[in-house]
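For reference, the structure discussed in these notes is given below.
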Amino acid sequence: MPLTEPAPSADAAALAELATQVNKAARRRLGRSLSIRQVDAGSCNGCELEIQALNNAFYDIERFGLRFVASPRHADVLLVTGPVTANMREALYRTWAATPDPKWVVAAGDCALDGGIFKESYAVTGGVSAVVPVDLHISGCPPTPTALLQGLLALLHR
Amino acid sequence: MADFVDAAGWERLAQDLVAGRRSLVDLWGDAGSVRMAVLDADRGRIEIAALACPDGKFPSLGRHHAPAIRLERAIGELYGLEPLGAPDDRSWLDHGRWPVRQPLGAPRPHDATGGAYRFLPVEGESLHQIPVGPVHAGIIEPGHFRFTCSGETVVRLEERLDYVHKGIEGLMRGAPIDTAARLAGRTSGDSTVAYAIAFARAVEAALGVRVPERAVWLRAVMAELERIANHLGDIGAVCNDAAFALMHAHCGVLRERVLRAAAAAFGHRLMMDRVVPGGVAGDLDAAGEAGLRALAGATGREFAPLVSLFEDTSTLQDRTVGTGILTAELARRFAAGGYVGRASGRDFDARKIPGYPPYDTLSFAIPSLPEGDVNARIWIRIREVEQSLALLAQLFDRLPSGATRTLLEPNTVGEGFALVEGFRGDVFCWVRVNADGRIEHCRLRDPSWFQWPLLEAVIEGNIVADFPLCNKSFNCSYSGHDL
Ligand code: SF4
């Protein structure tokens with residue numbers, strides 16, 4: 020019995036957010052294929068668990084032309100989690116700088132938006148956009164695999 | 036709650052630790068004092084000792100007892116308390132990137148420019164170094180590993196952690212109890228239930244709150260689901276690191292089903308914020324319970340052939356047997372919790388010692404093996420999945436009815452602590468609640484504090500290519516450690 024879920028519809032809010040920020044022509048050059056480099060910038064690791072789940076047989080992310088790559092130099096998309104700790108700030112920036120253009124940054128999880136529950140801390144810079152430009156945010160604590168897929172598909176479907 | 040001791044008393048405790056009469060549970064800073072929690076396993080008791088540091092100094096425990104070294108480095112940076120005679124004076128949590136120094140002591144502004152870290156010197160012919168991280172190749176947490184190798188063989192691994200230090204202890208200060216509970220549940224997301232239980236039990240001890248029976252049992256249901264989900268994920272992931280993707284795929288399916296059943300029953304896949312001080316956030320309804328019972332049965336049936344598959348795949352054993360051996364002596368000395376300790380003969384489990392309800396009325400075994408290699412760590416986790424499934428059956432058969440939450444009296448002052456068995460090992464929480472019903476101080480110690488240093492020992496003499504296997508078989512938490 021096949022386990023794989025039907026494809027979720029691209030999230031409307033995510034699409035709208037994206038439309039204003041992403042250059043269509045560049046996306047056309049990539050076709051329907053995106054290489055994603057995940058960067059944990061201070062997550063509690065809850066977001067990572069749900070991102071990992073995208074690879075299981077239920078979500079099977081690769082059937083959409085989305086795949087996780089090991090190097091930022093191979094990536095089109097940085098999928099960043101966590102409130103961006105002070106100790107990860109430079110590593111995140113350098114990873115972004117090592118990613119070739121055109122590139123997009125997707126911030127996943129409530130922490131990645133503005134630091135979330137950790138935002139008042141001396142050790143936190145307060146969200147991904149404090150360090151690199153963000154194209155799309157996927158909310159949730161952690162976002163479910165379905166929410167992650169919807170957000171990522173929104174990147175492809177435009 | 037804590038007994039204040041003098042320097043001689045502190046020293047006596049240090050000698051007990053060195054002699055193995057007690058094991059170190061935690062060592063942390065407080066306002067003008069340091070505190071140590073030790074376990075007397077024979078009597079099943081945890082004792083907390085405090086030493087006043089009027090001049091901002093305390094005698095180093097790390098110079099006698101290596102497991103204390105990193106904890107002491109952290110105390111120095113967070114509180115500005117100096118461990119006298121400490122064997123390692125390098126900073127640990129503080130990478131020089133915070134706008135303050137000693138954020139939890141008397142904070143001093145700092146320019147946050149960073150600075151180079153003094154890795155341990157290595158000398159010898161034909162040695163080379165491989166720096167890895169903090170950003171790793173994969174969907175994993177960040178940290179830096181500095182390998183020194185001779186050819187393919189690792190001569191030394193030195194870890195540089197704390198990239199995900201979020202300052203949770205600082206955020207807890209003055210926080211209302213419910214906010215603090217949410218923070219505790221985000222110390223290490225994979226162990227959110229274990230942390231939430233540890234925090235809740237510590238607060239309940241501090242305030243003298245009795246939790247309704249049903250809530251105690253529902254907490255155990257969630258804790259065992261969390262254990263099963265993590266073990267399933269990691270058993271598959273270790274096999275994947277040995278290039279056996281089939282096991283990974285099957286285990287991933289079983290894990291996903293656990294998370295879905297948890298979401299249906301408790302409203303969140305990882306069960307975040309479902310355990311709260313005073314009880315649980317919501318009740319389990321009949322449909323949720325039926326779903327979980329069905330899940331436990333199906334998981335047991337489908338896991339058994341996977342265990343056989345693991346057992347019968349000799350190419351897998353070729354990678355896991357004899358790889359990354361942790362000696363029983365090191366496991367004991369570091370009081371290594373969880374499967375790391377139990378795969379090296381240390382059969383400690385906080386559900387038994389000191390023990391807490393409802394486990395005192397349930398029957399389950401603590402699997403333990405002497406080999407200490409990657410293979411043994413996988414087997415412990417396999418056996419623990421089986422034990423947890425059996426525990427779920429007992430929990431459902433005897434699940435009490437009634438209330439699920441006691442409201443807290445917000446005007447009691449007190450201190451309390453708890454030791455709770457997460458999937459990775461024992462999570463320690465100590466808390467002091469003030470008169471406004473807020474958290475004055477909360478300390479959380481992840482089991483990884485005592486496991487990370489052992490990973491350095493375990494990889495020595497192994498080949499670089501076996502590091503992912505060793506690392507995954509430990510699966511230490513970065514976030515839990517970095518706090
Ligand atoms: S959004 Fe939630 S799950 Fe994700 S890193 Fe933050 S606290 Fe953890």
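Protein chains in written order, with my numbering: chain U, 20 to 177; chain R, 36 to 518.
C-beta atoms are modelled at their ideal positions from N, C-alpha and C, and glycine is treated no differently.
Proximity to ASP471 (chain R) [Cα-Cα], best of R:GLU450, R:TYR374, R:PRO211
R:PRO211
Would you say VAL170 (chain R) faces chain U, with C-beta separation under 9 Å as the test?
yes
Measure from the C-beta of VAL150 (chain U) to each C-beta in chain R and report whether the shortest distance is under 9 Å.
no
With H, G and I counted as helix, E and B as strand and the rest as coil, what does DSSP make of PRO119 (chain U)?
coil
Between the alpha carbons of LEU319 (chain R) and LEU327 (chain R), how many angstroms are there, rounded?
LEU319 (chain R) and LEU327 (chain R) have their alpha carbons spaced roughly 10 Å apart.
Any 3 or more C-beta pairs closer than 8 Å across the segment 97–114 of chain U and the segment 133–140 of chain U:
yes
With 9 Å as the threshold, decide whether the Cβ of ILE110 (chain R) is near any Cβ in chain U.
no
How big is the Cα-Cα spacing for VAL228 (chain R) and ALA147 (chain R)?
Rounded to the nearest angstrom, the two C-alpha atoms are 35 Å apart.
Got a list of residues with beta-carbon closer than 5 Å to any non-hydrogen atom of ligand 1, in chain order?
U:SER62, U:CYS63, U:GLY65, U:CYS66, U:GLY128, U:ASP129, U:CYS130, U:CYS160, U:PRO161, R:ARG221, R:GLY224
Whole angstroms are fine: how far does the CA of LEU85 (chain U) sit from the CA of VAL41 (chain U)?
With a pLDDT of 43 at VAL41 (chain U), under the threshold of 50, the modelled position of that residue is not reliable, and the figure given next carries that caveat. Whole-angstrom Cα-Cα distance: 18 Å.
Figure out for me which residue from R:LEU434, R:GLY67, R:PHE39, R:ARG416 has the closest Cα to the Cα of HIS476 (chain R).
R:GLY67
GLU160 (chain R): buried (16+ other C-beta within 10 angstroms of its C-beta) or exposed?
exposed
Along the segment 155–168 of chain R, where does the CB come closer than 7 Å to a CB of chain U? Name the residues.
none
Between HIS176 (chain U) and ASP123 (chain R), what straight-line distance do the alpha-carbon atoms span, to the nearest angstrom?
54 Å
Cα-Cα, which of R:GLY271, R:TYR198, R:PRO482 is closest to LEU281 (chain R)?
R:GLY271
Name the residue from U:ASP154, U:GLU139, U:PHE137, U:GLY65 whose alpha carbon lies nearest to the alpha carbon of LEU174 (chain U).
U:ASP154
In three-state DSSP terms, what is THR350 (chain R)?
helix
How is the alpha helix (DSSP H) around TRP465 (chain R) delimited, first residue to last?
Where TRP465 (chain R) is concerned, there is no enclosing alpha helix (DSSP H), although the beta strand (DSSP E) it sits in stretches over 461–468.
Assign TRP63 (chain R) to one of three DSSP states: helix, strand, or coil.
Residue state, collapsed to three classes: strand.
Apart from the five residues just before and just after TRP63 (chain R), which ones in its own chain have a Cβ nearer than 6 Å to its Cβ?
ARG70, ARG478
At the 9 Å Cβ level, is ARG92 (chain U) part of the contact set with chain R, yes or no?
no
For the alpha helix (DSSP H) holding MET207 (chain R), just list the boundary residues, first then last.
If you look at MET207 (chain R), you'll find it in the alpha helix (DSSP H) that goes 203–207.
Just mark VAL466 (chain R) as buried or exposed, buried being the case when its beta carbon has 16 or more other beta carbons within 10 Å.
With 16 or more Cβ atoms within 10 Å of its Cβ, VAL466 (chain R) is classed as buried.
Measure from the C-beta of HIS200 (chain R) to each C-beta in chain U and report whether the shortest distance is under 9 Å.
Proximity of HIS200 (chain R) to chain U, defined by a Cβ-Cβ separation below 9 Å, is satisfied.
Curious, which full-length beta strand (DSSP E) runs of at least 3 residues does the segment 66–127 of chain U contain?
85–87, 96–100, 123–127
Going by beta carbon distance, what residues of the same chain come within less than 7 Å of ALA45 (chain U), once the five residues before and after it are set aside?
With a pLDDT of only 44 at ALA45 (chain U), under 50, the local geometry of the prediction cannot be trusted, and the value read off the model is given with reservation. So the list reads PRO121, once near-sequence residues are dropped.
Just verifying my parser: in three-state terms, what is the DSSP assignment at MET306 (chain R)?
coil
Looking at chain R, is there any beta carbon in it that lies within less than 9 Å of the beta carbon of GLY146 (chain U)?
Answer no: the Cβ-Cβ gap between GLY146 (chain U) and chain R never drops below 9 Å.
For LEU172 (chain U), does the three-state DSSP call read helix, strand or coil?
helix
Please list the partners that ALA89 (chain U) has in chain R, where partner means a Cβ-to-Cβ separation under 9 Å.
HIS171, ALA172, GLY173
Of all Cβ atoms in chain U, is any one closer than 9 Å to the Cβ of GLU475 (chain R)?
Not a single C-beta of chain U is nearer than 9 Å to the C-beta of GLU475 (chain R).
Report the rounded CA-to-CA distance for PHE87 (chain U) versus ASP276 (chain R), giving the unit in angstroms.
16 Å
If contacts are defined as beta-carbon pairs under 8 Å, then THR183 (chain R) and ARG191 (chain R) qualify, I think. What distance do you get, rounded to the angstrom?
The pair is a contact, with the Cβ atoms about 5 Å apart (cut-off 8 Å).
Chain R residues whose Cβ lies nearer than 8 Å to that of GLN169 (chain U)
In chain order: nothing, as chain R lies at least about 16 Å away.
May I have the straight-line CA-CA distance separating ALA438 (chain R) from ALA235 (chain R), to the nearest angstrom?
17 Å
How far does the beta strand (DSSP E) with VAL73 (chain R) in it reach, from first residue to last?
68–75
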